[in-house]
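**Student:** Sharing a structure below in structure tokens format, with a few things to ask.
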Amino acid sequence: MSASLNFPRYGDKQNSAFFEEYLVKLLEERDRVGLTDAIQQIDTLMITVEPGNSLAYVRELCLMTPYHYLVTLESQDHFSHILRIDMSAPDILVREVKDPNIRGIFRSLNEVYPIGAHKPNSRYMGEVFRVSNLHEVVELQKAREIRFFNQDQIRKLELPGNMAVVKPSPYTHNIVGYWERPEADIRVYALGWSSIRSDLQAAYLEAKETQEMLGIDKLLLPIDHLATRVYSQNREAAILEYLSLSSYYYWGSYDISKQNSSTNVTKSVHCRNELESPAKVFTAANHPYFVNHLLGLPSPTEQFVRNFGPRLHHIAVAVQDGEVEHQPNIDFVVDALRHCGQDFLLDVIGSREEGLKQIFSSASEYSSLIIEYVQRFGDFQGFFTKDNVAELTHAAGVEESLQTLEAEARS
Ligand SMILES: [Fe+2]
3 MSASLNFPRY GDKQNSAFFE EYLVKLLEER DRVGLTDAIQ QIDTLMITVE PGNSLAYVRE
63 LCLMTPYHYL VTLESQDHFS HILRIDMSAP DILVREVKDP NIRGIFRSLN EVYPIGAHKP
123 NSRYMGEVFR VSNLHEVVEL QKAREIRFFN QDQIRKLELP GNMAVVKPSP YTHNIVGYWE
183 RPEADIRVYA LGWSSIRSDL QAAYLEAKET QEMLGIDKLL LPIDHLATRV YSQNREAAIL
243 EYLSLSSYYY WGSYDISKQN SSTNVTKSVH CRNELESPAK VFTAANHPYF VNHLLGLPSP
303 TEQFVRNFGP RLHHIAVAVQ DGEVEHQPNI DFVVDALRHC GQDFLLDVIG SREEGLKQIF
363 SSASEYSSLI IEYVQRFGDF QGFFTKDNVA ELTHAAGVEE SLQTLEAEAR S
């Protein structure tokens, strides 16, 4: 039996007595009833974009990450493009709604937020876990008051028919799906007619040729972590809820007081290597927005959530440790991508001495998601340095303030 509490704790952020008490109770129970062993790694990440944008987004992902375009599945109202590295890293499913007038729950999650509303169909939806016995997992989760879409809703939403999907979290607005797949089987999505679309295939091949020409194709590794931003008062609930839905454990939380924020990390109990099942990170402000004028502190995280709603903020792609032409790989990758027009929010920060270097790209025009690149040096296991996170958070906040001004000017 897996022991979800047998991991060292990192970080300096203080949690409430409620959090510490229920962290132990929830994980002990999860282990005892067999859910920790039944729920395995993250198998798929699902992202939705505006009508007409999936081709450009797939091209962007194939250039900026190691993902390959595999196949397109077409249902009545959606195209779903499957991107894959290999079977040891999660797939990405890029979904495009055909008709801009179609209304659904994912769209309404965007529409009440001032900037989120500008791209109502664009958001990270959530991740799908591989489970050993789907029926058993669903029954156990229902007994813990987890709510699922019923089969009729799954059909209407055109979600994969071979999955059980939990309703969006009130804290993160993300969904979690479960599907049963023996480890040796390939991933097959029940999402309609399958074809390799010539326009996507051409864009994919062009992106891979560019990666090769730039010399970055061998330097990019799978996804290291996924970072979700939530309202300050939902920090502990979002973490505990995610631990209830997954087989992840609580790694720890760091207080980034300079940016009035904290970074909270959860990781897979089963996969020691994040590249097989990315870490899930939750970022929340230390104080709600309405006391900022009294504190006089910056509040980029709370501001982001107020503008976009709680949602995934960035996908971090790992960069192979090493050097090209006497510069760390990450600097080489970023220079190469800048050369072909990709914008970044700041310069590469961190150092070999601190253990890692990191950078944020500009937010994608298609998904609103930022790509982080992260290179760890030697056997450094840590997730970040406080100074790095403060700088990254600040840079993302500056860009977002500009977007707010633009949105206000438009409205
Ligand atoms: Fe990150």
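Reading the sequence shown from the start, the letters are residues 3 to 413 in the numbering used here. Ideal Cβ placement from N, Cα and C applies to all residues, glycine included.
In whole angstroms, what separates the C-alpha of His295 from that of Phe306?
**Tutor:** In the sequence shown, the residue the question calls residue 295 occupies position 293. In the sequence shown, the residue the question calls residue 306 occupies position 304. Taking the Cα positions, His295 is about 17 Å away from Phe306.
**Student:** DSSP three-state label for Gln261, please.
**Tutor:** By one-based count along the sequence shown, residue 261 stands at place 259. Looking at Gln261 - three-state DSSP - the assignment turns out to be helix.
**Student:** Measuring from each Cβ to the nearest heavy atom of ligand 1, keep the ones under 5 Å and list them in chain order.
**Tutor:** Spelled out in chain order, the answer is Ala229, Ala318 and Glu374.
**Student:** When burial is assigned at 16 or more other CB atoms within 10 Å of the CB, is Lys269 buried or exposed?
**Tutor:** For the purposes of this step, residue 269 is taken as the residue at position 267 of the sequence shown. Result: buried.
**Student:** Can you tell me whether Ser246 is helix, strand or coil according to DSSP?
**Tutor:** One-based indexing of the sequence shown puts residue 246 at position 244. Three-state result, Ser246: helix.
**Student:** Roughly how many angstroms lie between the CA atoms of Pro302 and Thr395, to the nearest whole one?
**Tutor:** For the purposes of this step, residue 302 is identified with residue 300 of the sequence shown, where counting begins at 1. For the purposes of this step, residue 395 is identified with residue 393 of the sequence shown, where counting begins at 1. So the two alpha carbons sit approximately 7 Å from each other.
**Student:** Can you name the start and end residues of the beta strand (DSSP E) that Ile84 belongs to?
**Tutor:** Locating residue 84 in the sequence shown gives position 82, counting from the first residue. Counting along the chain, the beta strand (DSSP E) containing Ile84 begins and ends at His80 to Arg86.
**Student:** Jot down the residue ranges of each uninterrupted alpha helix (DSSP H) in the stretch 38 to 102, minimum 4 residues, whole runs only, in chain order.
**Tutor:** 56 to 66
**Student:** Which of helix, strand or coil does DSSP assign to Asn266?
**Tutor:** The residue you call residue 266 lines up with position 264 of the sequence shown. Three-state DSSP puts Asn266 in a strand.
**Student:** Secondary structure at Thr174, three-state DSSP: helix, strand or coil?
**Tutor:** Here residue 174 refers to the residue found at position 172 when the sequence shown is read from its first residue. In this structure, Thr174 counts as coil in the three-state DSSP scheme.
**Student:** What's the C-alpha gap between Gln203 and Asp257?
**Tutor:** One-based indexing of the sequence shown puts residue 203 at position 201. One-based indexing of the sequence shown puts residue 257 at position 255. Computed Cα separation, rounded: 44 Å.
**Student:** Quick one: give me the first and last residue of the alpha helix (DSSP H) that Arg32 is part of.
**Tutor:** Residue mapping note: residue 32 aligns to position 30 of the sequence shown, counting from 1. Residues Ala19 to Val35.
**Student:** Within a Cβ cutoff of 6 Å, which residues of the same chain sit near Arg11, ignoring the five residues on either side of it in sequence?
**Tutor:** To locate residue 11, count along the sequence shown from 1; it is residue 9. Correct list, in chain order: Gly254.
**Student:** Just how far apart, CA to CA, sit Pro300 and Trp195?
**Tutor:** Looking up residue 300 in the sequence shown gives position 298. Looking up residue 195 in the sequence shown gives position 193. Roughly 49 Å separates the two Cα atoms.
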